[in-house]
Amino acid sequence: MDTVTGNRGDAADLQGLLDAVPSDRTVVCLPTHEFLILHDGDKELGRIPLDGVVDVSILVDSSVQRRYPVSRSLLLGPLVLLFPKKTVRETYRLSIQWKDLKGDYHFTYIRIARRIMADHMLNTIKRSLTSAVRKELAQKASQGKSQAASLEKEQHRPPAETLPFITCGHCSMEFRKTDLPPGGKCPVCGRRLNVD
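The opening position of the sequence shown corresponds to residue 1231 in this note's numbering, with each subsequent residue numbered one higher.
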């Protein structure tokens, strides 16, 4: 990904990718020391620069659905209109107002199913905007890069070769590991071999 705002490089495309996520999936914001990474569990949807985040808030999208069940209408007749069955559905959106590298302002909305998840994500993003946390994340990122570099160096070392021979500690005879009889006993003295 060569841009900061999504797979295709446009803020409108980023919102389109967020809207295309199925309702059974949750989009999360993963803060790093430079970006908010938007991820849906399968793939990265886009990045928002932390320096450009202006405001973060929660929007409540609640709706009340009224139904008139047939059983009530048969029982109450026209009075059923006075007593509808109500279903309240609450959904939440995390609203992120941010400025891109060109100076244009954008709004990004992320659907969240539960209030506790919305509050947690809001607090995580607000916390990641503080300078102390950003310094901590930058230190962790540099430590991770150095550990990855050291692991890469270790992987380039040739593996230590194991010898194909084993020596009996009792009679000092040497055998190939592939020629040992079942049970791991020495064919000469009959004692158990230490096969490591």
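All C-beta atoms, glycine included, are put in the ideal place defined by N, C-alpha and C.
heavy atom of the ligand NAP below 7 Å from LEU1244 C-beta: With respect to small molecules bound, the structure shown includes none, and the ligand NAP cannot be examined in it.
What is the rounded straight-line gap between the Cα of GLU1384 and the Cα of ALA1378? 10 Å
Considering only C-alpha positions, which residue in the set ASN1424, ILE1396, TYR1339 is nearest to VAL1257? TYR1339
Let me know if TYR1322 comes out buried or exposed under the rule of 16 or more other beta-carbons within 10 Å of its beta-carbon. buried
Contained beta strand (DSSP E) runs [length at least 3] in the region 1259 to 1318, N- to C-terminal order: 1265 to 1269, 1274 to 1279, 1283 to 1297
In angstroms, rounded to a whole number, what distance separates the CA positions of LYS1370 and THR1262? 9 Å
According to the Cβ coordinates, are ALA1348 and LEU1324 closer than 8 Å? yes
In whole angstroms, what separates the C-alpha of GLU1264 from that of VAL1318? 39 Å
Measuring only the C-alpha atoms, how far is ARG1296 from GLN1327? One C-alpha to the other measures close to 34 Å.
Per the DSSP calculation, LEU1324 is bridged to which residue(s)? ILE1288, ILE1340
Which of helix, strand or coil does DSSP assign to THR1360? coil
Sequence-distant residues of its chain with Cβ nearer than 8 Å to LEU1367 (five each side left out): Taking LEU1367 as the centre and dropping the five residues before and after it, the same chain places the C-beta of PRO1261, THR1262, HIS1263, SER1358 closer than 8 Å to its C-beta, in chain order.
Taking the straight line between their C-alpha atoms, what separation do you get for ARG1421 and LEU1381? The C-alpha of ARG1421 lies about 42 Å from the C-alpha of LEU1381.
Name the one or two DSSP bridge partners that LYS1383 has. According to DSSP, which records beta bridges pairwise, LYS1383 is partnered with nothing at all.
Compute the distance between the beta-carbons of ILE1288 and LEU1352, then report whether it is under 8 Å. yes
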